[in-house]
Amino acid sequence: MCGIVGYIGYEQAAPFLLGGLEKLEYRGYDSAGICLNDGEKLVVKKSKGKLEELKKLTNNGNDIIGTVGIGHTRWATHGEPSDVNAHPHLSDSCRFAVVHNGIIENYLQLKDMLTAKGVKFRSMTDTEVIAQLIEYYYKGDLVDTVIKVLSKLDGSYALGVISIEDPDEIIAVRKESPLIIGLGENENYIASDVPAILSKTRSIYRLENNEIAILRRDGVKIINTDKDEVTKQVETINWDIDAAEKGGYEHFMFKEIMEQPKAIRDTITPRIKNGRIVLDEIKLTAEQVKSFNKINILACGSAYHVGVVAKYIFEKVLRKPVETDLASEFRYRDPIVDEHTLTIVISQSGETADTKEAMKEAQRRGSHVISIVNVVGSAIASESDDVIYTWAGPEIAVATTKAYSTQLAVIYLMAIYFGDMLGTITPDEYRNYVSELESVPDKITKILEEEEHVQYLASKLFNSRDVFFIGRNIDYALSLEGSLKLKEISYIHSEAYAAGELKHGTISLIEKGTLVIALATHEELIGKIVSNIKEVQARGANVLCLACENHQELKDVAQSTIFIPHSCDMMLPSLAVIPLQLFAYYVASLKGCDIDKPRNLAKSVTVE
Ligand code: F6R
Numbered sequence: 004m005c006g007i008v009g010y011i012g013y014e015q016a017a018p019f020l021l022g023g024l025e026k027l028e029y030r031g032y033d034s035a036g037i038c039l040n041d042g043e044k045l046v047v048k049k050s051k052g053k054l055e056e057l058k059k060l061t062n063n064g065n066d067i068i069g070t071v072g073i074g075h076t077r078w079a080t081h082g083e084p085s086d087v088n089a090h091p092h093l094s095d096s097c098r099f100a101v102v103h104n105g106i107i108e109n110y111l112q113l114k115d116m117l118t119a120k121g122v123k124f125r126s127m128t129d130t131e132v133i134a135q136l137i138e139y140y141y142k143g144d145l146v147d148t149v150i151k152v153l154s155k156l157d158g159s160y161a162l163g164v165i166s167i168e169d170p171d172e173i174i175a176v177r178k179e180s181p182l183i184i185g186l187g188e189n190e191n192y193i194a195s196d197v198p199a200i201l202s203k204t205r206s207i208y209r210l211e212n213n214e215i216a217i218l219r220r221d222g223v224k225i226i227n228t229d230k231d232e233v234t235k236q237v238e239t240i241n242w243d244i245d246a247a248e249k250g251g252y253e254h255f256m257f258k259e260i261m262e263q264p265k266a267i268r269d270t271i272t273p274r275i276k277n278g279r280i281v282l283d284e285i286k287l288t289a290e291q292v293k294s295f296n297k298i299n300i301l302a303c304g305s306a307y308h309v310g311v312v313a314k315y316i317f318e319k320v321l322r323k324p325v326e327t328d329l330a331s332e333f334r335y336r337d338p339i340v341d342e343h344t345l346t347i348v349i350s351q352s353g354e355t356a357d358t359k360e361a362m363k364e365a366q367r368r369g370s371h372v373i374s375i376v377n378v379v380g381s382a383i384a385s386e387s388d389d390v391i392y393t394w395a396g397p398e399i400a401v402a403t404t405k406a407y408s409t410q411l412a413v414i415y416l417m418a419i420y421f422g423d424m425l426g427t428i429t430p431d432e433y434r435n436y437v438s439e440l441e442s443v444p445d446k447i448t449k450i451l452e453e454e455e456h457v458q459y460l461a462s463k464l465f466n467s468r469d470v471f472f473i474g475r476n477i478d479y480a481l482s483l484e485g486s487l488k489l490k491e492i493s494y495i496h497s498e499a500y501a502a503g504e505l506k507h508g509t510i511s512l513i514e515k516g517t518l519v520i521a522l523a524t525h526e527e528l529i530g531k532i533v534s535n536i537k538e539v540q541a542r543g544a545n546v547l548c549l550a551c552e553n554h555q556e557l558k559d560v561a562q563s564t565i566f567i568p569h570s571c572d573m574m575l576p577s578l579a580v581i582p583l584q585l586f587a588y589y590v591a592s593l594k595g596c597d598i599d600k601p602r603n604l605a606k607s608v609t610v611e
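Once you know that position 261 of the sequence shown is 264 in this note's numbering, the rest is easy, because the numbers rise by one and skip nothing.
This is the structure:
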């Protein structure tokens, strides 16, 4: 969600802060600001809107001097997006400045307490109470003061603090919201995520909950809230800065679509040894796996759609009942989950608030949690019982593509691995599944090579007002993702329907020219989906059908077709999703939409 960046060194801080914030734009924001210590006072510049506004305001950072500073991109939670609500926030006397990611749940009580003591507030934000509390409790030692203030806060936070009193340090701390420390030569940095500091360093610390980092020019000290020093491993980032930038494509989303064969290969190859699936990350014994009487899958958005695909696969391959739940619903009902339930949590960011809380609810009820996560060291990864990382690399476009695909790949790995453990698949099926899985990246490459056909179809259909995605069985699960992809980036109204449900209501919406995208990859139900295609065509629908290449006869059924290579049923969603991503991308591009940063959306939804 919000993005934090900070610098302490000997160079001018502002250009680095602005550059770092630019690299965090993918997190979603509505305003931005920076604060520097100019040697005499704390100077704050902030602006509603895109970073361009802040750059103009500061002459690209050249009008604001100082070698210690903090910056922030804000996504509004408390108080509307505005200049005054943008971070950094200053204390009453302007001696302390704070940037914050997260939510302070008890800020109103704290604000009332401070207001009663005569403290004047400028903004509507929860964050400002932190700056004011620091000033209120300050008695000459910033670290002691921050520790005292933390004891007053309920909620989640990643914080960066600078002050005129202790001009040669930045204090950084986190609880539930991510924060990393970058280690340089005579300079150090803080950031919400790696891309912000990659131009400077590859050596980082990842702060854990309640760890406090004290950054000076010549070093970084990490302590806990009892002021004991914490020894941490330096992590070396081994992906290239290019991986976090567009790499020659017009949009991150397109680049990430193209990266999918590699991302899937990176995710599966280290886990297939001599034809056998090795999931060392899962510490469960075969006895434990057998003892589960149910699988519970929790996630949000596209990750939830992976969970819906997984339900079809696991029930077929493992013969265990599977319930896939929206994390935001699960956490507020009274779910029937206990130590006999295996929970699988899926999240690209590993920081999605609803998913994290749903996971904790499942754990409270005794369930063993395996998470499937892309961001190493994120909250969900750290707090789940076992974690299987998807090696998709950083995903910058708000609309997920390669993370979705790698999550599916992990689902296949788990299905084969557990199927073998439970004895629900034969050795022949095992071999066949593994070899099909290994062939998925090459088949995707083939589909990507034919992307011009999808571009052509998008050019014919991008003016559609409503689009209905229909499918049966696993094709229905996939239609959920196809529909979300289209609507979130192109702003075209679209819905996904189980094709058999059409006649129970939705078919009344079909009129002359309505676009229906029919997914017809599931071999067993081709006849049924053909009947559904005919039903909507009879009401005037224009049908685009996505099918496997061995069903060329569908050319005579639908107005347009897209064919994908054949594969085993279980893995077809990995192939079929590619044209759907490309279709959404080209439609959005033809409509001139802000593809990488669709309106109102954030990459990482760290608040409820
Ligand atoms: C859609 C999209 C979102 C995310 C959802 C969960 O393209 O990206 O629907 O899938 O917000 O995010 P993570 O996977 O980070 O938990």
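Where is the CB? At the ideal position from N, CA and C, for every residue including glycine.
If you look at Arg268, you'll find it isn't in any beta strand (DSSP E); it sits in the alpha helix (DSSP H) that goes 263-271. His90 is not a Cβ neighbour of Gly52, given a cutoff of 9 Å. Between the C-alpha atoms of Ile419 and Gly222 there is a straight-line separation of about 48 Å. It is roughly 12 Å from the alpha-carbon of Asp431 to the alpha-carbon of Gly278.
For the region 266-327, the continuous beta strand (DSSP E) assignments of 3+ residues that do not extend past its boundaries occur at 297-302, in sequence order. A Cβ-Cβ separation of about 5 Å places Gly353 in contact with Ala384 under the 8 Å criterion.
For the pair of segments examined, the region 390-402 was found to touch the region 598-606: the number of CB pairs separated by less than 8 Å reaches three. Residue side-chain check: Cys303 places its Cβ nearer than 8 Å to a non-hydrogen atom of the ligand F6R. Gln584 and Leu483 have their alpha carbons spaced roughly 12 Å apart. The shortest CA-to-CA distance from Asp41 to any of Tyr32, Lys59, Glu25, Thr70 is the one to Thr70.
Three or more pairs of CB atoms, one per stretch, sit closer than 8 Å, so the region 521-530 contacts the region 545-557. Asp389 and Ser370 have their C-alpha atoms roughly 12 Å apart. Nearest in C-alpha terms to Ile280, of all of Val413, Glu290, Lys297, is Val413.
Under the three-state reduction of DSSP, Val560 is assigned to coil, being neither helix nor strand. Around the beta-carbon of Lys488, 16 or more other beta-carbon atoms lie within 10 Å, marking it buried.
With contacts defined by Cβ atoms closer than 9 Å, Glu168 and Gly12 do not form a contacting pair. Of the residues Glu108, Glu188, Glu43, Asn213, the one whose Cα lies closest to the Cα of Cys97 is Glu43.
Put simply, the region 259-269 touches the region 440-451. At least three CB pairs are less than 8 Å apart. In this structure, Leu487 has its CB closer than 8 Å to one or more heavy atoms of the ligand F6R. For Lys600, the CB stays at least 8 Å from every heavy atom of the ligand F6R.
Annotation: Ile391 to Thr409 spans about 11 Å, alpha carbon to alpha carbon. Counting along the chain, Ala480 sits inside the alpha helix (DSSP H) bounded by residues 477-493. For the pair Lys594 and Thr61, the Cα-to-Cα distance works out to about 33 Å. In this structure, Thr61 has its CB at a distance of at least 8 Å from all heavy atoms of the ligand F6R. Shown here, Val610 sits in coil according to DSSP, grouped into three states, outside any helix or strand.
In this structure, Tyr479 lies away from Val325, with their beta-carbon atoms at least 9 Å apart. Membership of Lys26 in the alpha helix (DSSP H) is indicated by the continuous run 16-26. For Gly36, the uninterrupted beta strand (DSSP E) segment begins and ends at 34-40. Only exposed fits Gly251, as fewer than 16 other CB atoms lie within 10 angstroms of its CB. Nearest Cα to Thr327 within the set Ser486, Lys314, Leu321, Pro338: Lys314. Annotation for Thr509: no beta strand (DSSP E) segment contains it, and DSSP assigns it neither H nor E.
Measuring C-alpha to C-alpha distances from Gly422 to each of Ala289, Gly6, Val176 identifies Ala289 as the nearest.
Taking Lys155 as the centre and dropping the five residues before and after it, the same chain places the C-beta of Leu113, Leu136 closer than 7 Å to its C-beta, in chain order. Residues Ser50 of the same chain have their beta carbon placed closer than 7 Å to that of Glu56, with the five preceding and five following residues left out of the count. One alpha carbon belongs to Lys405, the other to Ala216, and they sit about 33 Å apart.
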